[in-house]
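Adding 131 to a residue's 1-based position in the sequence shown gives its number in this note's numbering. By construction, the Cβ of each residue, glycine as well, lies at the ideal position given by its N, Cα and C atoms.
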Amino acid sequence: MRLARIRRTPEGPVELAAALDDQTLISLRDVDAGADPVAALDRLGADGLADETARRAESADRLTASDVIFQTPVASCSKVCCLALNYRSHAEESSLDVPPVPVLFFKPPSALIGHGAPVRPPRRTRHVEHEVELAVVIGRRCRDVPEEDWADVVAGYTIVNDMTARDLQLESMRRQEPWDHSKAFDTFAPLGPFLVTPDEVPDPHALSMTLTVDGEVRQRAHTGDMVHPIPKLIADLTDGMTLLPGDVIATGTTAGIAPVRDGDVMHAHIDGLGTLVSPVQWAN
Ligand code: MG
């Protein structure tokens, strides 16, 4: 299942929808009152939602992806857990050592935006960079999850672009201060387009991903190159910290981070998960 949260108009209600193909969506609007893909999966399962989608596909309530406004594919999210330097190539380009244990920072849920929504850097930064990453969406409240049970707590996967005000981040690092600020601005966490269920992603460590800006490939990577793979990340994050349904784990980026300019359009693509498109609109 590829599940989305969409609006038909800017002021319209948010609806749950399932993708039949790259262009066709089926509205599942009365299946879950909260238009919450994670809650709907918990209640009906991927099979139940697939049956409901097939049943509705025979009726007329089809939507075209290019006609709707995508929201973030999670309805509620208490935290976006981001991994730093989880790909060797990105650590090398940053002249930093690969950390022996996962290095965590947070983005606030207020930074999340959906597919197609613009990234709007604030005036206080002049240098903003993209970071395409595989995002893991948590499906149930969990703590102290053993590595071997990691799959039990995953609702699905999507794409996140960990936008970073690099000038502010490097200044914070020079001062040996935390650098969350450079990551936390509104619109700095494009997420989507879909929540893709695990049955469609048999191996999340076997996915190719790219980030292009106006057709130029900037980042190209394979999720098998993660330093700390997803089972270890989930075990480490939940060792003492509760993850909630809708929480997002951004699993780290690869080499090729580069600045964006006003008017650029970023395409973050991961095989099987789709393409997350984000135009850039500078505040001035
Ligand atoms: Mg990152």
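Can the beta-carbon of residue i be found closer than 8 Å to that of residue j?
i: residue 395; j: residue 344; result: yes
i: residue 258; j: residue 311; result: no
i: residue 263; j: residue 379; result: no
i: residue 208; j: residue 377; result: yes
i: residue 326; j: residue 366; result: no
i: residue 166; j: residue 136; result: yes
i: residue 150; j: residue 162; result: no
i: residue 248; j: residue 321; result: yes
Can you tell which of the options has the C-alpha that lies nearest to the C-alpha of residue i?
i: residue 294; options: 270, 275, 276, 411; result: 411
i: residue 133; options: 155, 408, 247; result: 155
i: residue 242; options: 163, 227, 316; result: 316
i: residue 273; options: 391, 413, 375; result: 375
i: residue 148; options: 278, 200, 141; result: 200
i: residue 219; options: 357, 279, 292; result: 357
I'd like to confirm something about residue i: is its beta-carbon nearer than 7 Å to some heavy atom of the ligand MG, or not?
i: residue 318; result: no
i: residue 293; result: yes
i: residue 354; result: no
i: residue 183; result: no
i: residue 383; result: yes
i: residue 260; result: no
i: residue 224; result: no
Assuming residue i contacts residue j (C-beta within less than 8 Å), just tell me the rounded distance between them.
i: residue 188; j: residue 157; result: 5 Å
i: residue 234; j: residue 214; result: 7 Å
i: residue 391; j: residue 261; result: 6 Å
i: residue 240; j: residue 211; result: 7 Å
Looking only at its chain, what residues have a beta carbon closer than 8 Å to the beta carbon of residue i, apart from the 5 residues adjacent to it on each side?
i: residue 353; result: 337, 338, 339, 340
i: residue 372; result: 274
i: residue 232; result: 359, 367
Beta-carbon within less than 6 Å of residue i's beta-carbon, same chain only, minus the 5 sequence neighbours each way: which residues are those?
i: residue 350; result: 263, 342, 385, 387
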